[in-house]
Amino acid sequence: GKGKYPFYMEKEIMEQPDALRATMQSRVVNGKIDLSADGVPDEILKDCERVCVVACGTAMHAGLVAKALVQSKLGMHMNVEYASEFMYSDPVIDEKTLVLAISQSGETIDTLEALKYARKKGAKSVAVINVKGSSIARESDYVMYTVAGPEIAVASTKAYTTQLMALFLLVGRMAKVRGIFDDATEKAYLDSLTKAPDKMQEVLDQKHDIHKIAREMLDAKDAFMIGRGLDYSILLEGALKLKEISYIHTEAYASGELKHGTIALITENTPVVATVTQSKLKEKELSNIREVQSRGASVVVFVKEDFDLADAEYADVFELPAMEDEFMVFPASAALQLLAYYVSMDKGLDVDKPRNLAKVVTVE
Ligand code: F6R
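Under UniProt numbering, think of the first position of the sequence shown as 243, with each following residue one higher.
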């Protein structure tokens, strides 16, 4: 049941720190990443030349975060495709391709078909799945199960963040077997990853502050979420969450791209949410925020706590507990999930069962 919570979504948001720990637990042995319990052989992680994600919706957004990690840590090319578009794009796939199929339910037909297509072309596959024994799990060469437990709310929360955890572990292992991480680098990486559940908990403990921010958005017809790089990937998921349960039309936008057309849509009636969590992007993001502010938009900023925002004025500022930049997705996601949740709840909507949506999508 929902326990003390009014909706499953809140319960599932709150369960995330434990779900992250559970997803990590069996895969860290004597302080090292070990995927042998999953049966994922080191050879396929070592020998692949390309990595490709096929997934839908939230699971695809988890893939985008993994892409940033694969490219920065492994220096390897990676593409992330909507499963429904994958096979119609004549993807370049061969025996040296590692395909990651990511799915909570393991039953999404587009993801299943994309995986079958890639395997026919000779790709090796690892599926990241929450539901044991599901169709995608059975079709894939190897499976890493997320330990999120059942996810009942239609809007995915703990499935997403446990997918991220599984993917961070997979990339960490790849870095090790490819000789990129030595023991010390692996240890530092794991130390940061181990902190993710606690940093997320710090955000969950401040849910009332996020509720206050949500109250300012109830009348919005349209909203924007802007950022660059990993912030943009995080916001794509944040915007999907807000759209699907609050029915506010929300666009996540790469903030540097706004001025090439879309900024025409920004007025004083378009609330803007920005995340600022990446050192190398901070100054450019702040300047993009000033651009929308000068069109009258009120901007809420979710900022890594040790970044200095100078004296700028924002509609609201929420400080995210600091982690190494690439791990900031964990606390930032918790904040954006809560934002969507409270907007939906305060609008009196059925948070767990938004209109037109099903938990499992078995039509193409
Ligand atoms: C959004 C959401 C969907 C799913 C998508 C894929 O909150 O839940 O976007 O992520 O339908 O579903 P799975 O992960 O079951 O393949």
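Yeah, the Cβ is synthetic: ideal placement off N, Cα and C, and Gly gets one too.
Delimiting residues of the beta strand (DSSP E) encompassing residue i
i, result
"M320", "320-324"
"G469", "464-469"
"H491", "491-496"
"V385", "384-387"
"S345", "339-345"
"V514", "514-518"
"D558", "558-562"
"V296", "292-297"
"K246", "Where K246 is concerned, there is no enclosing beta strand (DSSP E), given that its DSSP letter is neither H nor E."
"K546", "541-546"
Beta-carbon contacts of residue i that lie in its chain and below 7 Å, excluding the five residues immediately before and after
i, result
"G245", "K253"
"K429", "G273"
"A301", "I344, S345, Q346, Q405"
"A564", "K546, E547, D548"
"D284", "V419"
"M251", "A395, A397, T399, Y583, V593, D594"
Contact test: residue i Cβ vs ligand 1 heavy atom, cutoff 6 Å
i, result
"S575", "no"
"G538", "no"
"C298", "yes"
"A301", "yes"
"residue 232", "With the chain covering only 243 through 606, there is no way to say anything about residue 232."
"S382", "no"
"A397", "yes"
"Q405", "no"
"Q579", "no"
"V603", "yes"
Alpha-carbon to alpha-carbon, residue j and residue i
i, j, result
"A343", "D425", "29 Å"
"L500", "A481", "16 Å"
"V373", "E349", "9 Å"
"V602", "I487", "16 Å"
"A356", "A496", "27 Å"
"G299", "V419", "30 Å"
"R537", "A554", "15 Å"
"T388", "F410", "12 Å"
"E327", "I371", "20 Å"
Beta-carbon proximity of residue i to residue j, cut-off 7 Å
i, j, result
"I275", "R415", "yes"
"V282", "V368", "yes"
"K338", "E393", "no"
"K449", "L580", "yes"
"D336", "G364", "yes"
"S475", "V307", "yes"
"Q520", "D592", "no"
"T604", "I255", "no"
Range of the contiguous alpha helix (DSSP H) that encloses residue i
i, result
"K400", "400-419"
"A576", "571-588"
"S367", "First-last for S367: 366-371, but that is the beta strand (DSSP E), not the alpha helix (DSSP H)."
"E525", "524-535"
"A426", "425-446"
Own chain residues within Cβ distance below 6 Å of residue i, not counting five before or after
i, result
"A462", "I490, P513"
"I455", "V542, D558"
Below-7 Å beta-carbon distance, residue i vs any chain D residue
i, result
"M587", "The displayed structure is made up of one protein chain only, and chain D is not part of it."
Cβ-heavy atom distance, residue i to ligand 2, below 6 Å
i, result
"V293", "This structure simply doesn't include ligand 2; it includes ligand 1 instead."
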